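For reference, the structure discussed in these notes is given below.
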Amino acid sequence: RKEVEQDPGPFNVPEGATVAFNCTYSNSASQSFFWYRQDCRKEPKLLMSVYSSGNEDGRFTAQLNRASQYISLLIRDSKLSDSATYLCVVNIVQGGKLIFGQGTELSVKP
Amino acid sequence: DGGITQSPKYLFRKEGQNVTLSCEQNLNHDAMYWYRQDPGQGLRLIYYSQIVNDFQKGDIAEGYSVSREKKESFPLTVTSAQKNPTAFYLCASSILENYGYTFGSGTRLTVV
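Which chain is which? The protein sequence lines are G and Z, in order.
Residue numbers are given in this note's numbering: position 29 of the first sequence equals residue 418, and the series is strictly consecutive.
Residue numbers are given in this note's numbering: position 111 of the second sequence equals residue 117, and the series is strictly consecutive.
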């Protein structure tokens, strides 16, 4: 089983749609959780950290369920500029390194 | 401006040649990392360093070597022992393991 698994994608949605990405992680000792965005042929950039209470940043909402070892990202009112690959990332403190999921590609169409 | 700089942006290597990818940061971050990304795949950890003069192997260290003589610098050498080196190489740094990474813009290595 992979340490971090994401929806395989790709997701093709119209502008204005709401889209949700799911991610599961295998190590119950995981401490920190993040969503990164990666544009084509570019480096990943931190989109948002994910906290136990859930957190929102404009049109983006992240949720964490520690009991189910599940992380989600909700994007409301999708824009063309949201087209990218979204990476679920988990930190296992003992290893001192981040573990990346394989990414879910989102394509927002006019 | 603080940031992390990778060079070169594109690199071509001949069979049997060693090449070194540069990574420099002026963020005063303690930890630095090297990842490899293949088309359509996620990031795989090659090496990481949490302190000067110390580094650990990641999941795919074979055929690679690193050094961490200065806090700011973490160069990666792709040796001739790496049989399939064509990939996108990303360097990252972080202040603490519980914080997210800052990535460089990457180096695209191609074997010719």
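Virtual Cβ for every residue (Gly too), placed ideally from N, Cα, C.
A quick note: this is a predicted structure, and the numbers were derived from the prediction, not measured.
Determine, for residue i, whether the minimum Cβ-Cβ distance to residues of chain Z falls below 7 Å.
i, result
"G501 (chain G)", "Residue numbering for chain G in the displayed model covers 390 to 499; residue 501 (chain G) lies beyond these limits and cannot be assessed."
"F489 (chain G)", "yes"
"E432 (chain G)", "yes"
"K486 (chain G)", "yes"
Does chain G have any CB closer than 7 Å to the CB of residue i?
i, result
"E54 (chain Z)", "Residue 54 (chain Z) is actually Tyr in this sequence, not Glu. For Y54 (chain Z), the answer is yes, since a Cβ of chain G falls inside 7 Å of its Cβ."
"F109 (chain Z)", "yes"
"L27 (chain Z)", "no"
"L51 (chain Z)", "yes"
"G9 (chain Z)", "no"
"G48 (chain Z)", "yes"
"G112 (chain Z)", "yes"
"G22 (chain Z)", "no"
"G69 (chain Z)", "no"
Report, in whole angstroms, the separation of the C-beta atoms of residue i and residue j, which I expect to be a contact under 8 Å.
i, j, result
"A98 (chain Z)", "Y41 (chain Z)", "7 Å"
"F449 (chain G)", "S438 (chain G)", "Not a contact, Cβ separation roughly 12 Å."
"N411 (chain G)", "I481 (chain G)", "Not quite, the Cβ-Cβ distance comes to about 20 Å (not below 8 Å), so this is no contact."
"K486 (chain G)", "Y54 (chain Z)", "6 Å"
"G48 (chain Z)", "F489 (chain G)", "5 Å"
"S461 (chain G)", "V497 (chain G)", "That pair is no contact at about 18 Å."
"T92 (chain Z)", "L27 (chain Z)", "About 13 Å separates the two Cβ atoms, so there is no contact after all."
"N32 (chain Z)", "G8 (chain Z)", "5 Å"
"Y107 (chain Z)", "Y16 (chain Z)", "With a Cβ gap of about 23 Å, Y107 (chain Z) and Y16 (chain Z) do not count as contacting."
"V478 (chain G)", "S419 (chain G)", "In fact, because the Cβ distance is near 10 Å, the residues do not count as touching under 8 Å."
"F94 (chain Z)", "Q43 (chain Z)", "4 Å"
"A409 (chain G)", "L463 (chain G)", "5 Å"
"L96 (chain Z)", "E432 (chain G)", "6 Å"
* **Validate contact between the stretch 62-72 of chain Z and the stretch 109-118 of chain Z using beta carbons, cut 8 Å, 3 pairs** => no
* Asked: So, do the stretch 74-88 of chain Z and the stretch 395-413 of chain G have three or more beta carbon pairs nearer to each other than 8 Å?
  -> no
* Should the stretch 426-440 of chain G be regarded as contacting the stretch 465-475 of chain G, the criterion being three or more beta carbon pairs within less than 8 Å? -> yes
* To do: Give, in chain order, every residue of the stretch 421-446 of chain G whose Cβ lies closer than 8 Å to some Cβ of chain Z.
  => S421, F423, Y425, R430, K431, E432, P433, K434, L435, S438
* To do: Give, in chain order, every unbroken run of the beta strand (DSSP E) that is at least 3 residues long and sits entirely within the stretch 26-55 of chain Z.
  => 37-43
* Ignoring anything shorter than 3 residues or poking outside the stretch 396-422 of chain G, list the beta strand (DSSP E) runs there in chain order. => 400-403, 408-414
* Asked: Taking the runs of the beta strand (DSSP E) that are 3 residues or longer, which of them lie wholly in the stretch 84-114 of chain Z?
  -> 93-100
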